[in-house]
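Visitor: Structure in structure tokens, see below.
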Amino acid sequence: MPNRAMPKWMMLAAVLLAFSNAGALRAQETPAAAVNETQQPAQVTPQADAAPVTPTNEGTPAAPVNEQSAPANDAAAVDAQATLPNPVLPHDLSPFGMFMAADMVVKAVMTALALASVATWAILLVKSFELAAAKRNARRAVRALSDAVVLRDMREALTVKKGPAAEMISAANDELSKSEAVLDIVSTQGVKERVASQLSRIEAGAGKRIASGTGILATIGSISPFVGLFGTVWGIMNSFIGISKAQTTNLAIVAPGIAEALLATAIGLVAAIPAVMIYNYFARSIGGYRLILADASAAVERLVSRDLDFRQARRLAPRKPESHVHSEAAIARIG
216 MPNRAMPKWM MLAAVLLAFS NAGALRAQET PAAAVNETQQ PAQVTPQADA
266 APVTPTNEGT PAAPVNEQSA PANDAAAVDA QATLPNPVLP HDLSPFGMFM
316 AADMVVKAVM TALALASVAT WAILLVKSFE LAAAKRNARR AVRALSDAVV
366 LRDMREALTV KKGPAAEMIS AANDELSKSE AVLDIVSTQG VKERVASQLS
416 RIEAGAGKRI ASGTGILATI GSISPFVGLF GTVWGIMNSF IGISKAQTTN
466 LAIVAPGIAE ALLATAIGLV AAIPAVMIYN YFARSIGGYR LILADASAAV
516 ERLVSRDLDF RQARRLAPRK PESHVHSEAA IARIG
């Protein structure tokens, strides 16, 4: 029995040794595969540790990707809209464009205010030249009247000059001619009063003529803001009506109508402010011109008074020798 058992044991040991050698040989032939097999449990174990967040966390990281792509799409849409010409405001917001798009009533208001502004500047040009020429002629007449001694010295000026000063001299000469018959009988005070009355009327008429046209400036300056305000109110009413019809309060829709309405007020101010300034300028200039006319009137009155004094002196001059002769005769009789 021992002799038979020993070979079996030896045979079993030989088989085990053969299997062990075969395993070692196989491990040497495929080392990378063994390494991979050993690393796989290491990768699986962290996944097993992170098991509480397994299924849901795998889907959630994809959401930020979609959120990041959404702003990119919005930016692309904004850029595409920016390239379009006026995608929100189809109206032409230039002054002329707003005028053409305005209501008929607002257009009429704007047109009237524009014409008023043109009239203001036209009056400025015309009256400036007229007033400058009138002042120049009046100053020359005042200097000539100041240099004259009697009224007859100014008769030559009537043939070469025209204007209020020449009218004053002519009126004074006419009054002296009409009163010639009574100058040696009554007092000369009545003649002086009549001459002063005529000169004052000539002075007032000249001031009124030179001030003609400035009343238009006062009217434009006073009512233009209110006319522009009327156009604004009318335009805003139309804008509100358009809002109610469109059933929207979008500023892009409301703004053009309100801008058109406010343009009427702006034009009213543009017409009113220069009109008031020009009117004040002419008021001061006309006041200075009337002062020059007052100087001319005073100079003519002085010449008339001087002529009357000379006339009275000539009338009284021949009586002195007669009185002297009578006194000598009386003395002779007494002696």
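Residue 216 is where the sequence shown starts when you use this note's numbering, and the numbers rise one by one after that.
Positions of the beta carbon are idealized from the N, C-alpha and C atoms, including for glycine.
#1: Just how far apart, CA to CA, sit V448 and V321?
#2: Could you give the C-beta distance for A514 and L360, rounded to a whole number, given that I count them as a contact under 8 angstroms?
#3: For E345, which residues in the same chain have their Cβ closer than 8 angstroms to its Cβ, ignoring the five residues on either side in sequence?
#4: Out of A353, M452, I400, G483, state which residue places its alpha-carbon closest to the alpha-carbon of P379.
#5: Can you tell me which of V410, W336, A337, I507 puts its alpha carbon nearest to the alpha carbon of E516?
#6: For G446, count the other beta carbons within 10 Å of its own beta carbon; 16 or more makes it buried, fewer makes it exposed. Which is it?
#7: Alpha helix (DSSP H) containing A348: first to last residue?
#8: From K460 to T335, what distance separates their C-alpha atoms?
#9: Which whole runs of the beta strand (DSSP E) in the region 443-520 are 3 residues long or more, in chain order?
#10: Could you round the C-beta distance between G472 and G450 to whole angstroms and report it? I think they count as a contact, below 8 angstroms.
#11: Pull up the CB-CB distance for I435 and A323, whole angstroms please, since I reckon it's below 8 angstroms.
#12: Tell me the rounded alpha-carbon separation between A528 and R367.
#13: Under a three-way DSSP split, which group does S439 fall into?
Guide: So, from the listed chains and residues:
#1: As a working note, residue 448 is residue 233 in the sequence shown. As a working note, residue 321 is residue 106 in the sequence shown. Roughly 9 angstroms separates the two Cα atoms.
#2: Counted from its first residue, the sequence shown places residue 514 at position 299. Counted from its first residue, the sequence shown places residue 360 at position 145. With a Cβ gap of about 4 angstroms, A514 and L360 count as contacting.
#3: As a working note, residue 345 is residue 130 in the sequence shown. I425, listed in sequence order.
#4: Against the sequence shown, residue 379 aligns to sequence position 164. Here the closest residue by C-alpha is A353.
#5: The residue you call residue 516 lines up with position 301 of the sequence shown. That would be V410, whose Cα lies nearest to the Cα of E516.
#6: What you label residue 446 is simply residue 231 of the sequence shown in a count that begins at 1. Buried: at least 16 other Cβ atoms inside 10 Å.
#7: As a position in the sequence shown, residue 348 is number 133, starting the count at 1. Run containing A348: 319-362, per the alpha helix (DSSP H) assignment.
#8: Taking the first residue of the sequence shown as 1, we reach residue 460 at position 245. Taking the first residue of the sequence shown as 1, we reach residue 335 at position 120. Going by the C-alpha atoms only, they are around 41 angstroms apart.
#9: none
#10: In the sequence shown, residue 472 corresponds to position 257, counting from 1. In the sequence shown, residue 450 corresponds to position 235, counting from 1. Yes, they are in contact, since the Cβ atoms of G472 and G450 sit about 6 angstroms apart, within 8 angstroms.
#11: Here residue 435 refers to the residue found at position 220 of the sequence shown. Here residue 323 refers to the residue found at position 108 of the sequence shown. Their Cβ separation, rounded to whole angstroms, is 16 angstroms, which puts I435 and A323 out of contact at 8 angstroms.
#12: Taking the first residue of the sequence shown as 1, we reach residue 528 at position 313. Taking the first residue of the sequence shown as 1, we reach residue 367 at position 152. Going from the Cα of A528 to the Cα of R367 covers about 17 angstroms.
#13: Locating residue 439 in the sequence shown gives position 224, counting from the first residue. Reduced to three states, the DSSP call for S439 is helix.
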